[in-house]
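Data first, discussion second: the structure below is written as structure tokens.
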Amino acid sequence: MAYSFSGFIGTLEPVQRICTRFILARPVSLGQDLFLVPLTDELREQMTSPAAEPVPGFELLTGAMEPVALSASMLGPLAYVEVTHWKGEGSEAGIIWEAGARLRTIRFGQGLINTVLKHLGCTANEGADEFTTLGFGRRRFTDDWLAE
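Residues in the sequence shown are numbered consecutively from 0, following numbering that gives the first Met the number 0.
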């Protein structure tokens with residue numbers, strides 16, 4: 000079964016900063032005072048240029064997007080994650096920004112999104128991980144987050 004997600008995750012203030020700057024950015028509440036901005040194809044086109052190079056280790060995050068994230072992280076912690084799984088194989092990569100600096104980059108780790116969500120303050124429900132607690136397993140593709 001396929002799973003593909005890419006987007007920015009953070010508290011309200013940094014997420015609002017991204018949404019104010021880019022008209023196609025739409026915030027989605029995850030609960031636990033966390034929000035995400037799904038990186039749809041349309042938003043990616045608005046945030047970057049075709050010539051922009053991907054950040055090493057990422058497919059969709061470009062160097063042109065990082066200054067936006069750095070600025071937004073002045074208002075609170077912000078992360079970006081890419082998760083792709085197909086037939087039991089997959090990859091996960093993430094970056095955490097805080098106080099205008101890149102705090103941590105995690106590449107190709109299984110369960111990486113849980114590490115990112117924990118850093119942002121997510122507490123897993125009993126018997127579940129952070130990924131499941133915030134509903135990431137209920138939607139298989141980035142665009143599904145905006146369908147509701």
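Every residue gets a Cβ at the ideal spot worked out from N, C-alpha and C, and that includes glycine.
- In terms of Cα proximity to A98, the closest of A24, G9, A127, G136 is G9.
- Closest in alpha carbon position to V82, among A63, L59, M73, is L59.
- Each of F57, T61, M64 was checked against the Cα of E91, and the nearest Cα belongs to F57.
- Going by DSSP, L77 is part of the beta strand (DSSP E) stretching over 77 to 85.
- Our two residues, I22 and L42, have alpha carbons roughly 8 Å apart in a direct line.
- Between F4 and V14, the C-beta gap is not smaller than 9 Å, which leaves the two residues out of contact.
- Going by DSSP, I17 is part of the alpha helix (DSSP H) stretching over 11 to 20.
- In summary, T122 is exposed, with fewer than 16 beta-carbon neighbours lying within 10 Å of its beta-carbon over all protein chains present.
- Taken atom to atom, the span from the alpha-carbon of L145 to that of R25 is near 8 Å.
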